[in-house]
């Protein structure tokens, strides 16, 4: 089946093919993931921003 979806003003044509029988879930049912979910490593920390430059001294009167 072909579907046309408009997202953010752009039109997309999508073709969907049925591979096996549809299995509905009840409201409490949750589909099991195909692969186990592994914890990811903590994201790398970014270096701190450099200190701001000191303000220029006022000229002498």
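Numbering (this note's numbering), first residue to last: 1 to 61.
From the three backbone atoms N, C-alpha and C, an ideal C-beta is built for every residue, glycine too.
Check this for me: beta carbons of residue i and residue j, under 8 Å apart or not?
i, j, result
"residue 20", "residue 2", "no"
Where does the unbroken beta strand (DSSP E) through residue i begin, and where does it stop?
i, result
"residue 2", "2 to 7"
"residue 20", "Premise fails: residue 20 is in no beta strand (DSSP E) and is neither H nor E."
So what's residue i in DSSP terms, helix, strand or just coil?
i, result
"residue 45", "coil"
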